[in-house]
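Residue numbers (the UniProt record's numbering): 1 to 185.
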């Protein structure tokens, strides 16, 4: 029973950390980027450079990598349960988030940083144009992927809560061969 509780705790932690990251991407999609879109080019570049620098902190990385590691551990723990396919689907989706982040968003962030201090950029409009639309597109993709992963984990947790004891690895006393009289079965 302790092992099942531990697996449930890992699944819950994977769900929470994935939800936190989905929330970060979602906040960029629905508020941060539209608000920055109203800014002039130099302000836009400066604020995005600041955000990209500040977001690299222990709390963000704990959630970002924690969601991956916890979902992977949970997928292993749940592999032989009805929840396993949902957790595995979440893991595949979250790995895709890492691919998008590593192949698209991070390189765009690095190019933006390489442009230098906003006050010294000769054409901040060109820097913004090379960054904004592709970054917003790929952030939207990872928002959708992370939200889908979160929904898969949510489904797995809902199955955990509704699992009968014998599904969780505990045989019912009634179903045990030596329990009760034969007449009662």
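All C-beta atoms in this analysis are idealised placements derived from N, C-alpha and C, irrespective of residue type, glycine included.
Computed from a predicted model, the values in this text were never measured in an experiment.
Note to self: For a test of the three-state rule: what should DSSP assign to residue 53, helix, strand or coil?
What the structure shows: Residue 53: helix per DSSP, three-state reduction.
Next item on the list: Could you say which of 63, 59, 143 lies nearest to residue 14 if we only look at CA atoms?
Entry: Residue 14 has its Cα closest to that of 63, out of 63, 59, 143.
Notebook entry, point to check: Hey, out of 103, 75, 100, whose CA is closest to residue 91's CA?
Noted result: Answer by Cα proximity: 75.
Check: Given residue 93, which residues of its chain have a CB within under 6 Å of its CB, disregarding the five upstream and five downstream residues?
Finding: Only 145, 148, 149 meet the Cβ criterion.
Next item on the list: May I ask which residues mark the beginning and end of the alpha helix (DSSP H) holding residue 84?
Entry: Note, residue 84: alpha helix (DSSP H), 84-100.
Note to self: If you follow the alpha helix (DSSP H) that residue 77 is in, where does it begin and where does it stop?
What the structure shows: Residues 58-77.
Checklist line | Among 132, 157, 160, nearest to residue 46 - alpha-carbon criterion | finding: Relative to residue 46, the option among 132, 157, 160 whose CA is nearest is 132.
Next item on the list: Check each candidate in 111, 137, 156 and name the one with the smallest Cα separation from residue 100.
Entry: Taking only the C-alpha atoms, the option nearest residue 100 is 137.
Next item on the list: Closer than 7 Å by C-beta to residue 160: which residues in its own chain qualify, once you throw out the five before and the five after it? Chain order, please.
Entry: In chain order, 8, 11, 83 place their CB closer than 7 Å to the CB of residue 160, counting only its own chain and leaving out the 5 sequence neighbours on each side.
Check: Do you know offhand how far residue 155's Cα is from residue 19's?
Finding: Our two residues, residue 155 and residue 19, have alpha carbons roughly 13 Å apart in a direct line.
Item checked: Within 8 Å, strictly: CB atoms of residue 67 and residue 143 -> No.
Check: If you run the structure through DSSP and keep just helix, strand and coil, what is residue 206?
Finding: Residue 206 lies beyond the residue range present for the chain, which begins at 1 and ends at 185; the question has no answer from this structure.
Check: Exposed or buried, which one is residue 35 when buried takes at least 16 other CB atoms within 10 Å?
Finding: Exposed, because fewer than 16 other Cβ atoms sit within 10 Å of the Cβ of residue 35.
Next item on the list: Express the C-alpha separation of residue 86 and residue 105 in angstroms, rounding to a whole number.
Entry: Cα to Cα, residue 105 sits roughly 27 Å from residue 86.
Next item on the list: Could you have a look at residue 31 and say whether DSSP puts it in helix, strand or coil?
Entry: If DSSP states are grouped into helix, strand and coil, residue 31 belongs with the helices.
Checklist line | As assigned by DSSP and simplified to three states, the class of residue 122 | finding: DSSP places residue 122 in coil when its eight states are reduced to three.
Item checked: Close Cβ partners of residue 171 (< 7 Å) along its chain, the five nearest in sequence each way excluded -> Legend: pLDDT at residue 171 = 43, less than 50; position of this residue unreliable, value from coordinates given subsequently. Excluding residues within five positions, none has a Cβ falling inside 7 Å.
Next item on the list: Would you give the residue range spanned by the alpha helix (DSSP H) that residue 114 belongs to?
Entry: The continuous alpha helix (DSSP H) containing residue 114 extends over residues 106-114.
Notebook entry, point to check: For residue 40, which of helix, strand or coil comes out of DSSP?
Noted result: Taken through DSSP and simplified to helix, strand or coil, residue 40 comes out as coil.
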